[in-house]
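Report on one structure; see the data block that follows.
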Amino acid sequence: MTDYSSDLYWFSDSHVTPDLPQDQYYYSSHCSANTPIIVDNGSWKCRAGWGSLDQPQFVFRSLMARMRGKRGENDFTLVGNDIGNIESLRSSIKNQFDRNVVTNFSNQEQIFDHLFTLLGLSNESSVHHPVLVSEPPCNPPYCRNIMSELLFECYQVPSVSYGIDALYNLYHTLGGRVSDALVINCGYQTTHVCPVLDGLFQPDQCKRINVGGWHISSYLQRLLQLRYQALQSLISLTRAEELVHTHCFVAERYIEMLSKKDWPKLTVQLPYVAIGGGGAVGGASIDLAKQEEKVLQRRERARQHLLRLSQTKREEKIASLEGQLEKLIHLQQLAAVMSDPEEYRLALEESGFNSLESVLKEISQIEEVLEIERSRLLATQQKMQEAATQAVTGGGESNEPKVDSQWLQVLQTRKKEILEQKRVRNQQKQEYSKRRSAASQDRMRIISQLAEDNSGKKSGSQPDTFGMNDDDWNIYRAIHKPGTGGGSDSEKEEAELAEINKVLQHHEPVNPAGTSSHYQLQLGVELCRASEVLFQPSMIGLDQCGLIDVIEAVLSGYTPDVQNRLMNCVFVCGGSSQLKGMEERLSIELTAARPFQSTFTILPAADKLHGSWRGAALYSSDESVWFTRSRYMEEGIEYRIEHLASNRCT
1 MTDYSSDLYW
11 FSDSHVTPDL
21 PQDQYYYSSH
31 CSANTPIIVD
41 NGSWKCRAGW
51 GSLDQPQFVF
61 RSLMARMRGK
71 RGENDFTLVG
81 NDIGNIESLR
91 SSIKNQFDRN
101 VVTNFSNQEQ
111 IFDHLFTLLG
121 LSNESSVHHP
131 VLVSEPPCNP
141 PYCRNIMSEL
151 LFECYQVPSV
161 SYGIDALYNL
171 YHTLGGRVSD
181 ALVINCGYQT
191 THVCPVLDGL
201 FQPDQCKRIN
211 VGGWHISSYL
221 QRLLQLRYQA
231 LQSLISLTRA
241 EELVHTHCFV
251 AERYIEMLSK
261 KDWPKLTVQL
271 PYVAIGGGGA
281 VGGASIDLAK
291 QEEKVLQRRE
301 RARQHLLRLS
311 QTKREEKIAS
321 LEGQLEKLIH
331 LQQLAAVMSD
341 PEEYRLALEE
351 SGFNSLESVL
361 KEISQIEEVL
371 EIERSRLLAT
381 QQKMQEAATQ
391 AVTGGGESNE
401 PKVDSQWLQV
411 LQTRKKEILE
421 QKRVRNQQKQ
431 EYSKRRSAAS
441 QDRMRIISQL
451 AEDNSGKKSG
461 SQPDTFGMND
471 DDWNIYRAIH
481 KPGTGGGSDS
491 EKEEAELAEI
501 NKVLQHHEPV
511 NPAGTSSHYQ
521 LQLGVELCRA
531 SEVLFQPSMI
541 GLDQCGLIDV
551 IEAVLSGYTP
561 DVQNRLMNCV
571 FVCGGSSQLK
581 GMEERLSIEL
591 TAARPFQSTF
601 TILPAADKLH
611 GSWRGAALYS
621 SDESVWFTRS
631 RYMEEGIEYR
641 IEHLASNRCT
């Protein structure tokens, strides 16, 4: 186990950057007409690129989100790395898979459109390159047929090839020397155990459990949300996936590790903002006062910019109106200069008027508009001058007088007194509700004494002097039950307490939860408990057997000699197999499950992330694996070509 005692882990919360399409120069210099396009169509990530290269050019999540356009604009779709923040669009995100099988081909078409655009084929009317697509073990023929129809009919590809991603990875690791192996593919949604004999996949003995990397991350998220319920909104699935990739591991002996008391603790810091001091957001120190000051400065700059724009527009409008007014005044003056009325009428018609009265009316209207615009321009200039003066003299600073600390201390003391009085009243109310309490008995004694005094006064034996002393009225307070009405003092205290709290909140704002310790997660056994669902799916409520039980079920279908052949190469691949301790746990479990003194070899994939794509790129050089368009037109959609890495009909 790793010692995390001195570590404080910060979430990266890194947002992916959108992929840029390849330019025409790259396309022409690296690709020919026969260069295949390799697509590792994984349920977690899609990897695509040219088969002539060593690595996939584009790797993105197999996700898409339909977004509404702005007013007057069309809707659009974000695919893969175009989705910068997955958590903000989690409710609208979709993919093309049902577990690990492609069933939604409209979404699959969006994925193809996106990756073909990234590869520089957006300007082409069709895709003139062979396309190799990976598929899961025992992929239903119907799904493969629809995929072929999509590629041949929609994209007009010349040829298509399909193969199992895990077998492509095996081909890449062993360099084509595939004979006998037991392939364990730990995927994102499922885990497969696939036997390979004499280089051929055996689909009749292949087994699948519906547990994968997504279930590990989801289980860890639920564990942390249950433990830290006040921070549920901050514990997202994306952050849980980050913890799985960076710190989770597989326990060699899970039950023994649970019995240990000295678990190392990993402290994880969630983002937070401290009010009134230094805070932290994603690991970066922040001063809230400086941040607010920057926001105010930015708003002030935007305000001044708008004022300048408004001033410029008003000046242009005033200049235009003054030019129109000058022409109209000149047209008015022509009436006194021109002696021929017909000539003046023609001049009016050329200017768009039919009489001198219409010219005078237009002049009056323009003068009114000019007066309004000049007053507005003057107001704008005054605002700009005030803003400039305020910036020079520092008038933007707060002129609020300083508050005496002793006065605040008096308010704090008075607040404590009111709270203490409320506590005493509540305690008395509880005591009066009990018949045998001392307070209740004192109240009954006073009431009985008052009754005796009143009976004596009625007989006339003693004069009635009640009320002559002001302290006599305190007797009613002694026998009054709290909470039964008439509590004017309580109402006054409530109003006074509210006013004190308002003043204190204004002058002494507090944030008891604004410290980093309130936003920290302490992880111990959860680091290996989440990954244990691969071996015990019942932990998350799945009525399925674990990985070791599945391996035993697969081996039970063969003779001991064939079992030994398969166990000589236990090939482990898939994203979830990257967890620390995976090979060690398999070794311990298989040693316990296999017969005494039997041997086996665990072979991890050479490249657990991109090995399937690289193996498919190597495999694409074989011409016999391609299903051509001419054969598709001749044989039909259900025709398929079998090879060493493909699914087989049984």
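Under the UniProt record's numbering, think of the first position of the sequence shown as 1, with each following residue one higher. Note that CB positions come from ideal geometry on N, CA and C, so glycine has one too. As the structure is a computational prediction, the values presented were derived from the model and not from experiment.
Annotated three-state conformation of residue 98 is strand, per DSSP. In the three-state scheme derived from DSSP, where H, G and I count as helix and E and B as strand, residue 424 is classed as helix. In this structure, the straight-line span from the alpha carbon of residue 150 to that of residue 245 is close to 35 Å.
When rounded, the separation of the alpha-carbon atoms in residue 552 and residue 593 is 8 Å.
A check of alpha carbon separations from residue 371 across 317, 232, 225 identifies 317 as the nearest. Every alpha helix (DSSP H) stretch that sits fully inside the region 593-635 and reaches 4 residues is listed by chain position as 611-619, 629-635.
For residue 176, no beta strand (DSSP E) run applies, since DSSP gives it neither H nor E.
When DSSP states are grouped into helix, strand and coil, residue 262 belongs to the coil group.
According to the DSSP assignment, residue 218 belongs to the alpha helix (DSSP H) that extends over 213-227. With respect to the 9 Å criterion, residue 601 and residue 554 are not classified as neighbours on the basis of their beta carbons.
Classified as exposed, residue 75 has fewer than 16 neighbouring CB atoms from the shown chains inside 10 Å of its CB. For residue 96, same chain residues with a beta-carbon under 6 Å away, outside a window of 5 residues either side, are 102, 104, 107, 108 in chain order. A contact is defined here as three or more CB-CB pairs under 8 Å, and the region 293-308 fails this definition with respect to the region 559-568.
With contacts defined by Cβ atoms closer than 9 Å, residue 321 and residue 363 do not form a contacting pair. Around the C-beta of residue 173, 16 or more other C-beta atoms lie within 10 Å, and the residue is accordingly described as buried. Between the alpha carbons of residue 591 and residue 258 lies a distance of about 22 Å. Scanning its chain for C-beta atoms nearer than 6 Å, with the 5 sequence neighbours on each side dropped, one finds around residue 65 the residues 78, 83, 89, 92, 93, in chain order. Within its own chain, the residues whose Cβ lies closer than 7 Å to the Cβ of residue 548, once the five positions on either side in sequence are excluded, are 535, 589, 593, listed in chain order. Here the region 608-618 makes contact with the region 48-63; the two share three or more CB pairs at distances below 8 Å. Membership of residue 192 in the beta strand (DSSP E) is indicated by the continuous run 191-197.
Residue environment for residue 343: exposed (fewer than 16 other C-beta atoms within 10 angstroms of its C-beta). Scanning its chain for C-beta atoms nearer than 7 Å, with the 5 sequence neighbours on each side dropped, one finds around residue 45 the residues 59, 60, 61, 62, in chain order. At the C-beta level, residue 156 and residue 43 stay beyond 9 Å of one another.
For residue 111, the enclosing alpha helix (DSSP H) covers residues 105-118.
DSSP places residue 563 in no beta strand (DSSP E) but in the uninterrupted alpha helix (DSSP H) bounded by 560-567. Secondary structure note for residue 48: its beta strand (DSSP E) is the uninterrupted segment 45-50. DSSP places residue 146 inside the alpha helix (DSSP H), whose first and last residues are 141-149. Minimum Cα-Cα distance from residue 521 among the listed residues 112, 234, 99 corresponds to 234.
Here DSSP, grouped into helix, strand and coil, assigns residue 320 to helix.
Here residue 529 is buried. Its C-beta has 16 or more other C-beta atoms within 10 Å.
In the three-state DSSP reduction, residue 82 falls in the helix class (H, G or I).
Closest in C-alpha terms to residue 126, from the list 545, 267, 116, comes 116.
Contact annotation: residue 178 and residue 192 have beta-carbon atoms that are not nearer than 9 Å. Sequence-distant partners of residue 228 (beyond 5 residues in either direction) whose C-beta falls short of 8 Å from its own C-beta, in its chain, are 235, 521. With three or more CB-CB distances shorter than 8 Å, the region 539-548 counts as touching the region 196-215.
Residue range 341-350 is occupied by the alpha helix (DSSP H) that includes residue 345.
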